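Residue numbers (our numbering), protein chains in the order written: chain E, 1 to 148; chain R, 149 to 296. Positions of the beta carbon are idealized from the N, C-alpha and C atoms, including for glycine. Note that the structure is a prediction, hence the values are computed from the model and not measured. Below: one structure, written as structure tokens.
There are 2 protein chains.
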Amino acid sequence: MSDVKGAAALRATIVFNLGTLGALASDRFADRVEELGLKPKHAGLLAALDAGSATSQQELATRLGVAPSLIVVLADQLQELGAVERVRDPEDRRRQVLTLTTEGRRLLARCAEAAEAADAELTAGLTEPQRTALTRSLRTLGEQHVPR
Amino acid sequence: MSDVKGAAALRATIVFNLGTLGALASDRFADRVEELGLKPKHAGLLAALDAGSATSQQELATRLGVAPSLIVVLADQLQELGAVERVRDPEDRRRQVLTLTTEGRRLLARCAEAAEAADAELTAGLTEPQRTALTRSLRTLGEQHVPR
DNA sequence: CTGAATCATTCGAGCTTCGAACGATATGAG
DNA sequence: CTCATATCGTTCGAAGCTCGAATGATTCAG
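Have a look at this one:
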């Protein structure tokens with residue numbers, strides 16, 4: 001905490017580097033899942049379904065932090081790929097309940113593979129303890145700041 | 149490395165969490181610098197200039213990983229704010245040499261403050277050793293993957 | 001001197017996401 | 001039961017951001 005802001009103050013920040021590297025990581029992940037015909041948000045939706053943390057589109061929207069209207073498009077495309085099924089909730093027929101199909105689980109697994117490959121590439125210069133420490137830190141932050 | 153991809157495989161990934169948290173961090177930082185009339189990319193440009201790692205717009209473009217045509221717009225706006233000066237390089241009159249003004253340094257300092265405030269908020273749930281470890285990991289990754 | 005390469009700039013297009021408006025359904029008050 | 005209100009999903013148009021191609025000025029190699 002210097003009185004006068006030094007030169008490299010911004011670049012020493014966590015948010016700044018997290019933003020930069022986050023974009024970089026997203027791009028690499030995006031490149032890989034593109035071969036599956038998916039965007040990162042599709043993977044996020046599949047993961048949320050798999051985690052069981054959300055079933056209706058409204059819940060998914062808040063879970064992923066995007067507009068409900070975007071969920072419509074993503075779900076349309078995933079349904080087109082046979083990855084999810086849309087069923088009206090009999091107890092509340094306004095709701096669309098999304099469920100993973102076998103194909104959806106397969107795609108999710110391949111997304112995970114893509115992410116792991118990107119991980120290996122990205123963290124190649126880190127020592128093993130550094131990598132596990134990073135994983136844990138990110139998880140902690142995620143649990144605290146990603147809408148539940 | 150399990151044979152069968154387990155359920156939460158994707159969410160356990162570094163790239164996935166890095167992408168999610170990176171977007172989150174960028175948003176929080178963006179909210180704060182917006183009050184200065186800036187976007188995160190403006191801050192990035194100012195920081196690059198301050199670091200002296202790039203002076204011409206072409207260099208800035210590769211440094212920030214964006215199209216040269218975007219640098220034009222960003223520099224226009226920063227010039228409008230009186231944060232940078234554009235001078236033709238006398239040794240190569242194709243080049244525009246950008247330099248930080250006093251106002252530019254002031255703005256950069258306020259960006260740094262904004263980032264530090266966002267840091268404190270974001271990492272409130274981390275222990276001090278966790279935070280420093282995270283900072284170092286991110287810096288290591290940045291040095292390896294951000295274009296120099 | 002001439003042709004190729006480089007820099008900055010402009011302009012139009014693409015992609016992603018959002019918000020408003022709408023219909024269908026559910027819920028609560030009277 | 002009935003009506004007003006709220007919620008869910010959907011469609012559609014608009015906004016923001018970024019890129020790539022085309023252009024003019026300048027430099028460089030031969």
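Check: Rounded to whole angstroms, how far is the Cβ of Ala260 (chain R) from the Cβ of Thr249 (chain R), which I believe are closer than 8 angstroms?
Finding: Going by Cβ atoms, the distance from Ala260 (chain R) to Thr249 (chain R) rounds to 17 angstroms, so no, they are not a contact pair.
Let's test the definition: count the other Cβ atoms within 10 Å of the Cβ of Pro188 (chain R) and tell me whether it reaches 16, buried, or not, exposed.
Burial call: buried.
Leu248 (chain R): contacting residues in chain E (beta-carbon distance under 9 angstroms):
Neighbours of Leu248 (chain R) on chain E: none; closest Cβ ~10 angstroms, over 9 angstroms.
Original post:
Just the Cα atoms here: how many angstroms apart are Gly192 (chain R) and Leu212 (chain R)?
Top reply: 7 angstroms
If you reduce the DSSP assignment to three classes, tell me which class Val245 (chain R) lands in.
strand
- Find out if the Cβ-Cβ distance for the pair Leu189 (chain E), Leu46 (chain E) is shorter than 9 angstroms. What the structure shows of chain E is the stretch from 1 to 148, and residue 189 (chain E) is not part of that stretch, so it cannot be assessed.
Distance, Cα to Cα, Gln58 (chain E) vs Leu270 (chain R)? 26 angstroms
Original post:
By Cβ distance below 7 angstroms, which residues in the same chain neighbour Ala114 (chain E) in space, the five residues on each side in sequence not counted?
Top reply: Phe29, Arg32 and Val33
Best match in E:Pro68, E:Glu116 and E:Pro129 for proximity to Cys26 (chain E) [C-alpha to C-alpha]
Correcting the residue identity first, residue 26 (chain E) is Ser in this sequence and not Cys. Residue E:Glu116 is the option with its Cα nearest to Ser26 (chain E).
Cβ neighbours of Thr105 (chain R) in the same chain (closer than 8 angstroms, five flanking residues each side left out)
The question about residue 105 (chain R) has no answer here: the residues shown for chain R are numbered 149 through 296.
(Q) Quick check on Met149 (chain R): does DSSP put it in helix, strand or coil? (A) Reliability of the predicted coordinates at Met149 (chain R) is poor, the pLDDT of 48 falling under 50, and no value is obtained from them.
Q) Should His42 (chain E) be flagged as near chain R, meaning a C-beta pair shorter than 9 angstroms? A) For His42 (chain E), the answer is no, since every Cβ of chain R falls outside 9 angstroms of its Cβ.
Query raised in the report: Asp267 (chain R) and Thr13 (chain E): beta carbons closer than 9 angstroms?
Result: yes
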